[in-house]
Amino acid sequence: MTPYSDITDQQWERIVPLFPELSPRGRVRGRPVTDTRAVLNGVLWVIYSNAAWASIPKRYPAYQTCHRRFSTWYEAGIFKQVLTRLYGEAGLALCDTIKARIREKKPGKPRKPAPPPFVTVDLPRLTYLASLRRAA
């Protein structure tokens, strides 16, 4: 297997219009958006290497960011379009492989009822009652 190489500038130019987070935005508060190209390269590295998300090399953004964006792109159908533009028919086959790796979301188990709240104990009163009991 050949080592993974990041996408080229020519490949990037073909897929840039697909990413909604790259569209011009007005004034935005909060954290700046992580570089989409770096995130995509991290996602492609995971797919190429078949490794766990947590083992993404340091040259890519945090694995949580890569996984969150991948999930968003995959559910919106963006990732399938990206792979098709990058790899053609092989990209569609890769989408099927990815779909097989993704765990289906299962409905959660019903929650257990909350335990009863702790009872506050008045320690002086408790010692007084215990002393009465011993005296009797």
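Positions 1 to 136 (UniProt numbering) are the ones given, in order, by the sequence shown.
Even for Gly, the Cβ is constructed at its ideal location relative to N, Cα and C.
- Residue ranges of uninterrupted alpha helix (DSSP H) with 4 or more members, entirely inside the region 35-116 and ordered along the chain, are 36-49, 63-76, 78-87 and 89-101.
- Of all C-beta pairs linking the region 85-96 to the region 56-65, fewer than three are shorter than 8 angstroms, placing the two stretches out of contact.
- Taking 8 angstroms as the upper bound for CB-CB distance, Ile-98 and Ile-47 are in contact here, some 6 angstroms apart.
- For Gly-42, same chain residues with a beta-carbon under 7 angstroms away, outside a window of 5 residues either side, are Ile-56, Tyr-60, Pro-61 and Cys-66 in chain order.
- Burial state of Arg-69 is buried, judged by a 10 Å Cβ sphere holding 16 or more other Cβ atoms.
- Looking only at Arg-29, Arg-37, Pro-32 and Arg-133, the smallest Cα-Cα distance to Gln-10 is reached by Arg-37.
- Restricting attention to Trp-73, Ser-5, Pro-3 and Arg-133, the CA atom closest to the CA of Pro-20 is found in Trp-73.
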